[in-house]
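> Could you have a look at this structure, given as structure tokens, before my questions?
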Amino acid sequence: MGGKLNKIKKHFEEEAKEFDDIILKIIPFYKEMLEALILALPYPKTQKIRVADLGCGTGTIAKMILERYPDSILTCVDLAANMIETAKVKLARYKNIEYIVADFHKFNFNRKYDIVVTSLALHHLRDNQEKKKFFKKIFDALNKNGVFYNADVVLGSSETLQNLYMNKWKEFMQRKISQSEVENIWCPKYEDEDRPAKIIDQIKWLKEIGFKKTDIIWKYYNFAVYGGIKP
Ligand SMILES: C[S@@+](CC[C@H](N)C(=O)[O-])C[C@H]1O[C@@H](n2cnc3c(N)ncnc32)[C@H](O)[C@@H]1O
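Per my numbering: the sequence shown = residues 59 to 289.
Given below as structure tokens:
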């Protein structure tokens, strides 16, 4: 495992217990963002669907999916064993969940899915090439009419916009935490561990891979929910 990946793993192994409180302070409108993703899922509530949640963390999206689709079958994948353990506690009352501790770089889907979702995880992939390759892997793992939606941190298409986005993000964080914590903890973690890509590029990759009905469902500066459908 490379140095950066080790660092990411360590970060989330250590943060697992406090993650659900921290995320609300550092990600603008986290709940609204995930709600937008869930609302975009096109299946009737009674449908028995197979879902993969990649980088499931503490299982927040998985829980929202199980609440909306009680008959769904989930695969929850994450690099950090402690995140998976926390997800198991949160999702204890649900059956039909398979948990896999795995790194995206080595993970191979061993079945097809109706839905692949992921949130705040794929920006950890090293570079644009890896992200596009992973989008293709997701495309191949979807059934016909399967959907892929990603809620993630993204880049603006110009330096001016990116600066605006970063200022708006810092402004949000400073409503809940001190400026020194933002500047000395969260901004350095972002610089060190995160490799977001321009949303405009990501939509282009999705189209090139073959996704249809690609769209940006929700956006707040550098946070967005986007994806498409496999025809
Ligand atoms: C910011 S958390 C988001 C968790 C959850 N999806 C949510 O929105 O609350 C990112 C998660 O992605 C996982 N992750 C990061 N890089 C990964 C990789 N290469 N393979 C698998 N999981 C990864 C981390 O362990 C962490 O649990």
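Beta carbons: idealized from backbone N, C-alpha and C, even for Gly.
#1: Going by the C-beta, is Y91 closer than 6 Å to any heavy atom of ligand 1?
#2: Please report the Cβ distance between I66 and E251, rounded to the nearest whole angstrom; I am assuming they are in contact, meaning their Cβ atoms lie under 8 Å.
#3: Exposed or buried, which one is K242 when buried takes at least 16 other CB atoms within 10 Å?
#4: Where does N208 fall in DSSP's three states?
#5: Considering Cα atoms alone, identify which of N140, L222, K247 and T116 is closest to E71.
#6: Mapping DSSP to helix, strand and coil, what is S236?
#7: Measuring CB to CB, does G117 end up less than 7 Å from A179?
#8: Identify, in the order they occur along the chain, each residue of the same chain with its Cβ nearer than 6 Å to the Cβ of I287, setting aside the five sequence neighbours on each side.
#9: Please classify Y223: does DSSP put it in a helix, a strand, or coil?
#10: Hey, would you say the C-beta of G115 is under 6 Å away from at least one heavy atom of ligand 1?
#11: Whole-angstrom Cβ separation of Y127 and A145, contact assumed at under 8 Å?
#12: Return helix, strand or coil for A145, following the three-state DSSP convention.
#13: Tell me which same chain residues have a C-beta within less than 8 Å of the C-beta of A94, skipping the five on either side of it?
Walking through what the data contain:
#1: Within the sequence shown, the letter at position 33 stands for residue 91. A quick correction: the sequence has Met, not Tyr, at residue 91. No, ligand 1 has no heavy atom inside 6 Å of this Cβ.
#2: Residue 66 sits at position 8 when you count from the first residue of the sequence shown. Residue 251 sits at position 193 when you count from the first residue of the sequence shown. Confirmed, Cβ separation roughly 5 Å.
#3: Residue numbering aside, residue 242 sits at position 184 when the sequence shown is read from its first letter. The residue you asked about is not Lys; residue 242 is Asn in the sequence shown. The residue is exposed, with fewer than 16 neighbouring Cβ atoms inside 10 Å.
#4: By 1-based counting over the sequence shown, the position of residue 208 is 150. Three-state result, N208: strand.
#5: The residue given as residue 71 occupies position 13 in the sequence shown. Of the candidates N140, L222, K247 and T116, the one whose C-alpha sits nearest the C-alpha of E71 is N140.
#6: The residue you call residue 236 lines up with position 178 of the sequence shown. Three-state result, S236: coil.
#7: Here the question's residue 117 lines up with position 59 in the sequence shown. Here the question's residue 179 lines up with position 121 in the sequence shown. It is not a contact, given that the beta carbons lie outside the stated cut-off.
#8: In the sequence shown, counting from the first residue as 1, residue 287 sits at position 229. Once the five neighbours on either side are set aside, the close Cβ partners of I287 are V205, K270 and K271.
#9: Your numbering for residue 223 matches position 165 in the sequence shown. Three-state result, Y223: helix.
#10: Walking along the sequence shown from the start, residue 115 turns up at place 57. G115 has its Cβ nearer than 6 Å to a heavy atom of ligand 1.
#11: Sequence index remark: in the sequence shown, residue 127 carries index 69 (1-based). Sequence index remark: in the sequence shown, residue 145 carries index 87 (1-based). That pair is no contact at about 17 Å.
#12: For the purposes of this step, residue 145 is identified with residue 87 of the sequence shown, where counting begins at 1. It is helical.
#13: Position 36 of the sequence shown, counted from the start, is the residue given in the question as residue 94. Cβ within range, chain order: A209, I275, W276 and V283.
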